[in-house]
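Participant: From first to last, the protein sequence lines are chains A and B. Mapping of the first sequence onto the UniProt record's numbering: position 227 corresponds to residue 227, and the numbering continues sequentially without gaps. Mapping of the second sequence onto the UniProt record's numbering: position 14 corresponds to residue 14, and the numbering continues sequentially without gaps. Beta carbons are placed, not taken as given, at the ideal position from N, Cα and C, and that holds for glycine.
2 protein chains.
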Amino acid sequence: MEYTIKAIGLVHSCYREKFGIPRQPGLVKSGTGAIELLAPCDREEMFTELDTFSHIWLQFMFHEAIADGWRPTVRPPWLGGQKRVGLFASRTPHRPNFLGLSVVRYHGLRKEKGGLFLDISELDLLHGTPIVDIKPYVPYSDALEDATSGFVQFAKQKMAVQFSSEAEASCKRYQQEKNRNLKSLITEVLEQDPRPASQRGLQREYGMLLWDVNVRWMAEEKGFTVFLVIPIE
Amino acid sequence: MEYTIKAIGLVHSCYREKFGIPRQPGLVKSGTGAIELLAPCDREEMFTELDTFSHIWLQFMFHEAIADGWRPTVRPPWLGGQKRVGLFASRTPHRPNFLGLSVVRYHGLRKEKGGLFLDISELDLLHGTPIVDIKPYVPYSDALEDATSGFVQFAKQKMAVQFSSEAEASCKRYQQEKNRNLKSLITEVLEQDPRPASQRGLQREYGMLLWDVNVRWMAEEKGFTVFLVIPIE
């Protein structure tokens, strides 16, 4: 049984590469983006009353994972990359149908240059992600009070993050020019420690693309220091 | 952008036709079923550690809605069928990609006749539904405490349900033969009032298929009476 599905929208996201994307939605409150709706789903009436919901489910394609294929078991980051679990016991992007599922905060519809956009935040989605469905988050049926999950433990301590005076000044300029709180975004992303489990403990330099800047930061024993924020466009 | 997706499993469900299916999962605790896994996803190792979760997300195809197509706005049953909302503000089966999303309780893996099955309950899925992905329900990211939904109100009163002595005896026999609590299933399904909003208030007879029986019941002013339970196989 095969089915053909089409993108109904495309994600515009602050996350411009895989590295740095939070491991789940909701973790980085300053992460923002929008969904650009594609015909025939770019009609306003298709979203009537969606603004009575605070959150929406997005079903999407892990489009950048498709070329890599999938394996029956994976090493989820929750377990420090040490233990293998079945792929269906994880939310890995490398899945048989490469379908993703994510809940994000919904901020409303916006028309711009003849296009229709859904503004969202707290997302964990790569720029360019194809959206294949949008549904309201219904607390009555989705927020299960009695659900349990054994091996997923998120009570991780946040990393300490500091900025050089140069990086701080760059963020301030960026905010004035683009009206985006880049410093909060960088801080919240780094607090979650975006490094692969295998690189924890190493002291080295990293780069990470957020919006249209390259963020250069250093992993040290006590935490992370952002030392440079460079425009890339 | 088009993508081809394949069924990874097929639902075996107590719900043998659309009429009678609860309007969301979790409402009918006695609703049970299984997912028969299809190659190449019928390997036990792909589900290792899934039993540490109490619930799973199913992404599936609304396969019986495809032939009907979709419309930009719908009349959700929450509003008594009176008001139109955008299709993306609803969970209607009639959607551009006919993708469904449902959380069900997970009871474990079972091997039977060389096949691999996932036992589930509290489902709202039609028999024969193609499953396209399975993911663990992670309370930390899925159970949003601060989510709000304006127009969805579920605090509906349950319908009163009674059985004729003949129907009661049929349920007892069925339980002895098949080890399924048919009476509880029928009661919980009818308590939710499966009738379309347009038929509320009418006093008439209904039939409904559950497992391999035809349930005949009467809608009266004070509630529903099940008067006959007839095997159909």
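Whole angstroms is fine: what's the gap from residue 161 of chain A's alpha carbon to residue 58 of chain A's?
Facilitator: 31 Å
Participant: Got a sec: is the Cβ-Cβ distance from residue 45 of chain B to anything in chain A below 9 Å?
Facilitator: yes
Participant: Does residue 59 of chain A get closer than 9 Å to chain B when you measure Cβ to Cβ?
Facilitator: yes
Participant: What are the residues in the segment 100–113 of chain A lying within 7 Å of chain B by C-beta distance?
Facilitator: 101 and 103
Participant: Between the beta-carbon of residue 126 of chain B and the beta-carbon of residue 85 of chain A, is there less than 9 Å?
Facilitator: no
Participant: Ends of the alpha helix (DSSP H) at residue 173 of chain A?
Facilitator: For residue 173 of chain A, the uninterrupted alpha helix (DSSP H) segment begins and ends at 165–178.
Participant: Any residues in the segment 113–146 of chain A with a beta carbon nearer than 8 Å to a beta carbon of chain B? Which ones, in chain order?
Facilitator: 130, 132, 133, 134, 135, 136, 137, 138, 139, 140, 141, 142, 143, 144, 145 and 146
Participant: Cβ closer than 8 Å: which chain C residues qualify as neighbours of residue 149 of chain A?
Facilitator: Looking at the structure shown, chain C is missing, and the protein chains on hand are A and B.
Participant: For the beta strand (DSSP E) that residue 190 of chain A lies in, which residues bound it at each end?
Facilitator: No beta strand (DSSP E) holds residue 190 of chain A; the alpha helix (DSSP H) holding it covers 182–191.
Participant: What number of angstroms, rounded off, separates the C-alpha of residue 206 of chain B from the C-alpha of residue 72 of chain B?
Facilitator: 31 Å
Participant: Roughly how many whole angstroms lie between the Cα atoms of residue 232 of chain A and residue 109 of chain B?
Facilitator: 50 Å
Participant: Would you mind stating whether residue 118 of chain A and residue 197 of chain A have Cβ atoms separated by less than 9 Å?
Facilitator: no
Participant: Among B/44, B/25 and B/97, which has the Cα closest to the Cα of residue 70 of chain B?
Facilitator: For the options B/44, B/25 and B/97, the alpha carbon positioned closest to that of residue 70 of chain B is the one of B/97.
Participant: Between residue 209 of chain B and the rest of its own chain, which residues show a CB-CB distance below 6 Å, the 5 nearest in sequence each way excluded?
Facilitator: 16 and 17
Participant: I want to verify the contact list: residues of chain A whose CB lies under 7 Å from the CB of residue 95 of chain B, in sequence order.
Facilitator: 133
Participant: Output yes if chain B places a C-beta closer than 9 Å to the C-beta of residue 196 of chain A; else output no.
Facilitator: no
Participant: Just to confirm the assignment, what range does the beta strand (DSSP E) spanning residue 290 of chain B have?
Facilitator: Since the first residue of chain B shown is 1 and the last is 233, residue 290 of chain B is not available in this structure.
Participant: Could you check where the beta strand (DSSP E) with residue 102 of chain B kicks off and where it finishes?
Facilitator: It spans 99–112 - the beta strand (DSSP E) in which residue 102 of chain B sits, taken as one unbroken run.
Participant: Which residues in chain B sit within 7 Å of residue 7 of chain A, going by Cβ to Cβ distance?
Facilitator: 1
Participant: How many angstroms separate the CA atom of residue 181 of chain A from the CA atom of residue 212 of chain A?
Facilitator: About 13 Å.
Participant: Answer yes or no: do residue 28 of chain A and residue 122 of chain A have a C-beta to C-beta separation smaller than 9 Å?
Facilitator: yes
Participant: What is the residue span of the beta strand (DSSP E) that residue 121 of chain B lies within?
Facilitator: 115–121
Participant: Check this for me: beta carbons of residue 130 of chain A and residue 20 of chain A, under 9 Å apart or not?
Facilitator: If you check the CB distance, residue 130 of chain A and residue 20 of chain A do not come in under 9 Å.
Participant: From the beta carbon of residue 69 of chain B, is the nearest beta carbon of chain A less than 9 Å away?
Facilitator: no
Participant: Do residue 66 of chain A and residue 104 of chain A count as a contact pair if the criterion is CB distance below 9 Å?
Facilitator: Cβ atoms of residue 104 of chain A and residue 66 of chain A: not closer than 9 Å.
Participant: Please list, in chain order, all residues of the same chain as residue 63 of chain B whose beta carbon is under 6 Å from its beta carbon, the five residues on each side excluded.
Facilitator: If we look at residue 63 of chain B and ignore the five residues flanking it on each side, its Cβ neighbours are 130.
Participant: Could you tell me whether the segment 183–192 of chain A touches the segment 130–150 of chain A, where touching means 3 or more Cβ pairs closer than 8 Å?
Facilitator: no
Participant: Flag residue 85 of chain B as yes if its beta-carbon sits less than 9 Å from any beta-carbon of chain A, otherwise no.
Facilitator: yes
Participant: What does a CB cutoff of less than 7 Å around residue 25 of chain A pick up in its chain, not counting 5 residues either side in sequence?
Facilitator: 102, 103, 104, 122, 123 and 124
Participant: Under a CB-based cut-off of 9 Å, is residue 200 of chain B close to chain A?
Facilitator: Interface with chain A (9 Å Cβ-Cβ cutoff): residue 200 of chain B is excluded.
Participant: I believe residue 170 of chain B touches residue 52 of chain A by the beta-carbon criterion, under 8 Å. Please report the beta-carbon distance rounded to the nearest angstrom.
Facilitator: Actually they are not in contact, since the Cβ atoms of residue 170 of chain B and residue 52 of chain A sit about 44 Å apart, beyond 8 Å.
Participant: Considering only the alpha carbon of each residue, which of B/221, B/94 and B/139 lies closest to residue 68 of chain B?
Facilitator: B/94
Participant: For residue 26 of chain B, would you say it is in contact with chain A, using Cβ-to-Cβ distances shorter than 9 Å as the test?
Facilitator: Yes, its Cβ sits closer than 9 Å to a Cβ of chain A.
Participant: So which residues on chain A does residue 91 of chain B lean against when the C-beta distance must stay under 8 Å?
Facilitator: 135, 136 and 138
Participant: Taking Cβ positions only, does residue 48 of chain A come closer than 9 Å to chain B?
Facilitator: yes
Participant: Could you tell me the distance, in whole angstroms, from the CA atom of residue 186 of chain A to the CA atom of residue 14 of chain B?
Facilitator: If I take the Cα positions, the gap works out to 50 Å.
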